[in-house]
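> Protein sequences, first through last, are from chains A and B. -13 is the number of the first residue of the first sequence in the numbering used here; add one for each residue after it. 510 is the number of the first residue of the second sequence in the numbering used here; add one for each residue after it.
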Amino acid sequence: MAQDPVCGMEVNEKEAVAYSLYKGKKYYFCAQVCKRKFDENPEKYIKADSDKGEKVGEEEEEKESNSIEEDSPGLEKTAEAKKERIDLPIVGMSCASCASTIQKGLSKIRGVDKANVNFATSKATVLYQPKLVNPADFISTVRKSGYEVGTASIEIPIQGMQCASCVQNIEKALLRMRGITKATVNLATEKARVEYIPSETSLAEIKKAIEQTGYKVLDIPPEEELEDMERIVRVKEYKKLKRRFFIGLILGLMIFLGSSPRLFPWIPPFLNNFFVLWLLATPVQFWIGWQFYKGAWGAFKHRNADMNTLIAVGTSAAYLYSLAATLFPSLFESGGLRPEVYFDTSAMIIVLILLGRLLEARAKGQTSEAIKKLIGLQPKTARVKRDGMEMDIPVEEVLVGDVVLVRPGEKIPVDGIIVAGKSSVDESMITGESMPAKKETGDEVIGATINKTGSFEFRATRVGKDTALAQIIKLVQDAQGSKAPIQRLADVIAGYFVPIVISIAIATFVVWFNFGPSPALTFALLNFVAVMIIACPCALGLATPTAVMVGTGKGAENGVLIKGGESLETAHKLDTIVFDKTGTLTKGEPEVTDIITFNSYKEDEILKFAASAEKGSEHPLGEALIKKADETQVGLQDPKNFKAIEGHGIEAEVEKVSVLLGNAKLMRDRNIEVKGLMEKAENLAQEGKTPIYVALAGQPAGLIAVADTLKENSIRSVKKLKKLGLEVIMLTGDNRRTAEAVSRKAGIDRVISEVLPEDKVHEIKKLQSEGKKVAMVGDGINDAPALAQADVGIAIGSGTDVAMEASDITLIKGELQGVVSAIELSKRTIKVIKQNLFWAFFYNTIGIPIAAGVLYPFFGILLNPIFASAAMAFSSVSVVSNSLRLRRVKLKV
Amino acid sequence: MAAKLIVTVSGILLIVLVNWYFFFSKRKKTEASFKEGRIQEVRINVKGGYDPDVIVVKKGIPVRLNFYRDETADCSDTIVFGDFNIRKPLPAFRTTSIEILPEKEGEYEFTCGMGMLKGKLIVR
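1) State the beta-bridge partners of N554 (chain B) as determined by DSSP.
2) Report yes or no: is there a C-beta of chain A within less than 8 Å of the C-beta of S534 (chain B)?
3) Buried or exposed: where does T353 (chain A) fall if 16 or more other Cβ atoms within 10 Å of its Cβ makes it buried?
4) Report the residue from A:A557, A:P365 and A:V534 whose alpha carbon sits nearest the alpha carbon of L710 (chain A).
5) Would you mind sorting W273 (chain A) into buried or exposed? The rule is 16 or more other CB atoms within 10 Å of its CB.
6) Out of A:K90, A:L113, A:K94 and A:T87, point me to the one whose CA is closest to K68 (chain A)'s CA.
7) Using a Cβ cut-off of 8 Å (strictly closer), state whether P380 (chain A) contacts chain B.
8) Quick one: using the 10 Å Cβ neighbour count with 16 as the cut-off for buried, is W264 (chain A) buried or exposed?
9) Going by DSSP, which residues form a beta bridge with M377 (chain A)?
10) Using a 10 Å radius around the Cβ and a threshold of 16 neighbouring Cβ atoms, would you call A65 (chain A) buried or exposed?
11) Of all Cβ atoms in chain B, is any one closer than 8 Å to the Cβ of E157 (chain A)?
12) Which residue or residues does DSSP assign as beta-bridge partners of D566 (chain A)?
13) Please name the residue in B:G557, B:A582, B:I548 and B:G628 whose C-alpha comes closest to that of P571 (chain B).
14) Under 8 Å, Cβ to Cβ, is there at least one residue of chain A near E608 (chain B)?
15) Does DSSP put R22 (chain A) in a helix, a strand or coil?
16) Give me the subset of the segment 515 to 526 of chain B whose CB atoms are less than 7 Å from a CB atom of chain A, sorted by chain position.
17) Anyone know if the C-beta pair for D123 (chain A) and I95 (chain A) falls short of 8 Å?
18) For chain B, is any of its Cβ atoms less than 8 Å away from the one on D292 (chain A)?
19) Rounding to the nearest angstrom, what Cα-Cα distance links M510 (chain B) and V518 (chain B) in this structure?
20) Can you list the residues of chain B that A285 (chain A) reaches, using a CB-CB cut of under 7 Å?
21) M421 (chain A) by DSSP, collapsed to three states: which one?
22) Spatial neighbours of I492 (chain A) within its chain, please: CB distance less than 8 Å, with the 5 preceding and 5 following residues excluded, ordered by chain position.
23) From the DSSP output, read off the bridge partner residues of P143 (chain A).
24) Hey, how far is the Cα of V19 (chain A) from the Cα of V555 (chain B)?
25) In this structure, what does DSSP give as the bridge partners for G635 (chain A)?
26) Taking V270 (chain A) as the reference, give the member of A:L239, A:F286 and A:V640 with the closest Cα.
27) When the Cα atoms are used, what is the spatial distance from A781 (chain A) to D292 (chain A)?
28) Ordered along the chain, which non-local residues of its own chain (more than five positions away) have a Cβ less than 8 Å from that of I834 (chain A)?
29) Which residue or residues does DSSP assign as beta-bridge partners of G402 (chain A)?
30) Establish whether the CB of F514 (chain A) and some CB of chain B are separated by less than 8 Å.
31) Would a check of beta-carbon distances place G624 (chain B) closer than 8 Å to chain A?
32) With G880 (chain A) and G800 (chain A) assumed to form a contact (beta carbons below 8 Å), what rounded beta-carbon distance in angstroms separates them?
33) Would you decide whether G621 (chain A) is buried or exposed? Buried here means 16 or more other CB atoms lie within 10 Å of its CB.
34) Using a Cβ-Cβ distance under 8 Å, would E45 (chain A) count as near chain B?
35) Rounded to the nearest angstrom, what separates I631 (chain B) and T604 (chain B) at their Cα positions?
36) Below 8 Å on C-beta distance, what does A310 (chain A) contact in chain B?
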């Protein structure tokens, strides 16, 4: 073994990538990079080689403090140390005291001259001596105080790394750079993962640094391109397969026609010659059919057997038998057999199976279309405002807190909250809602949606992996990868399938050989081949995954995120659906529903005084009044002498008129006669509304009713769910009267009211103990335990809150219609899976015995191996095509 | 008659051989190597199966399995670790890393997307 003088790695002389001759001695290298370095300055390495011991020590020191090494030793001795400044973006500061906590922490670090943390700009500015301290320490200090530094992280593919020392070289070079906080290089994946502060360095600089160490940086492939690469390879293979199929088809047809002179007497006689047929069949067997041999051998080595094994063994048997009959016909004749060839069988089987694979590949490509569409939605660049400058940057470099500019017609790059401007945004790609949503300051925007009319600026709140789109993609990918429990049996069978089929085929051969009619050998062979060829584990394996992929993808397109095959399967068995009331069936915010006048006051007047008086309160009912007043523009005034009377109401003075708002008891206490309003108040309460008495200048003036109103399509959705045969139940903490009023309106028959939040789980359990399969619909936060307890938890989301741990199904848009869609989709998907599995099982359990010839003694029916191969090829195609039907399901959202 | 006997006996022997080879023959175990003491690493070649296919790892230490898919055949295009809820596509002629923290001792099977190619992760 020789030693690479540059990196110190041990190199086998015979396997060395390169060598150099220097001063009559041969030096071996592990990589071209090492050789290049050596050739540039051989003395440096020969010398280093001789005092290796010291070098190792140096290296370790270097690892410990990268920054020291940057300066020359001479400078290190000078008293006046060089100072540097760094700006760190801080994430998670909620108040000015957070800023001072971080500032204190940073100031204490040795080597820091001055640290200043600005709460308004969310930035820490540190003046430090690079010889004494590394900026990485600042980051760990900030993190220790409980805050996060706004770093970006990226994976960079690198080419040309061959040994572990290459990894170290790159890592070291990166860590030496300003603004890089973490760098790890993985030799196996040939990628560097770099964490950096975007304001201090850029991707271009990082790439440059890696290239300076002598390695090539490949373009960073976004997810989309990775998919594209896969597609390119597939397209190429598909073309190759197609070409081979057509050549095979021509050859196969010639063999087929030539093999049956009695059926096709018009065929030129030379095609009937065994040797010509052999000549034609050989390329089909070993060139066009090579992939089966390759696949079969690969599997065999790993003690696996698959489709390829069956096809390779089956066709080879037919081919070899025919070859023997061609070359040694006398052998057959002496045994009393007519030499016959079955080159048509082996060739046509191969051609038909290739056709099946072609069709299957095309169909399978379509099953993942939905996720490709989602990935394609990801925007590439963002225009951000930093230090007062507008700049276009890759979307990966956008940080939380950045102000992003969006113009009409542009894609919104990340999630955030609008800080200036207004517009309407097309969110259909995320929520499935086709109407554009109006957005103004304070509203949430979702990345990947399209800005329609106006320009606006927003503050980024979620970037990278945290954006709603990224989470949706992950959720859908996970879901598409999952299996439904219904598949379990098929999987167990698939694992044992092929060896068992081989055993059955051998047994078939033996039985036919021993007990079959003459010529026994021919029957035995053909039936052996037929059994091998007709068996199709592929159809079994594809039955569920393809349907789950199409089904979950279809859901995602409509704003319904399904966690996986299991959720999908349970959802179709549901018989009970429980709705949380507030925020699920209803909007969750009280609204003014009725204004009843008294003593000749006008509606507007009552509202004006009542809402003005409420301006001082923070009660949700008050907010409803103010909102209504704003809408009708009655002209709000500022109240004077505002006083809240706990549990009863408020009093205040508006335009020198005393205003009293509250319940009946408050009115009685103040000796205000409200008898004339009592009955109306009672009626309102019956309807589930909260009546508020209004008295102006000591006289009763009217009633204002406030209620949490139903969402627009709650009634329609409940009706549809009932039509689907589900029992709909409402669960609420409200008192019975209010609850019943709301449920009546929504068309719900059963109400569980006065339930404390923590008892919701208990109520779900109770329903389950009645033997019901229960779905719970609620918001993902307050109802999380109940969602988790239910057989299927359906979380109603809003905008960017996508990842809801406790739920099985998440509805991105807070509309109940999604519940109907989810259940409908689940029913359709499971139906398709059942059809697929039935077809696959039926096909194999019927096909194999027929191919083995069990019907022959009774009906004289035998299966020609060519038909067997056609049936096999189309069984998997039919399964995939059946799953693809789900794409056409219409879900109204 | 002799021919029938030979065919019967060799048929039975062949069936036994096939079933022994695919179901019962012993597979070689491969232990994961330690990288800097923090992580256990194994490189697995994927071509008609997993090579190595029985991998022994230590409990409680993160495991990185580097799958290199050396073929384009559809069968191996996805790797599934059912117990860890992992299902990942394996792009052809590329290395895909899968990281797992084995917290409990036991045997965990991993398979291709359809459950036909099999391997085992043994946690000790």
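Idealized CB from N, CA, C, for every residue including glycine.
By the coordinates alone:
1) B:D560 and B:Y577
2) Interface criterion met: the Cβ of S534 (chain B) is under 8 Å from a Cβ in chain A.
3) buried
4) A:A557
5) With fewer than 16 other Cβ atoms within 10 Å, it is exposed.
6) A:L113
7) At a cut-off of 8 Å, the C-beta of P380 (chain A) has no neighbouring C-beta in chain B.
8) buried
9) A:V370
10) Summary for A65 (chain A): the model assigns pLDDT 43, below 50, so the residue's position carries little reliability, and this model does not support an answer.
11) For E157 (chain A), the answer is no, since every Cβ of chain B falls outside 8 Å of its Cβ.
12) A:L717
13) B:I548
14) Contacts with chain A at 8 Å (Cβ-Cβ) do not include E608 (chain B).
15) helix
16) V516, T517, G520, L523 and I524: these are the residues of the segment 515 to 526 of chain B whose beta carbon lies less than 7 Å from some beta carbon of chain A, given in chain order.
17) yes
18) yes
19) 12 Å
20) G557 and G558
21) coil
22) F514
23) A:K177
24) 30 Å
25) A:I631 and A:G648
26) Comparing Cα-Cα distances from V270 (chain A) to each of A:L239, A:F286 and A:V640, the minimum goes to A:L239.
27) 42 Å
28) Cβ neighbours of I834 (chain A) beyond the five flanking positions: V487, I490, V517, I520 and A521.
29) A:V431 and A:A446, per the DSSP bridge assignment.
30) no
31) yes
32) Given a span of -13 to 879 for chain A in the structure shown, any question on residue 880 (chain A) remains unanswerable.
33) exposed
34) Low local confidence applies: a pLDDT of 40 at E45 (chain A) is under 50, so the model's placement there is unreliable, with the coordinate-based value given in what follows. So no, E45 (chain A) is outside the interface.
35) 22 Å
36) For a Cβ distance threshold of 8 Å, nothing in chain B lies close to A310 (chain A): the least Cβ distance comes to about 16 Å.
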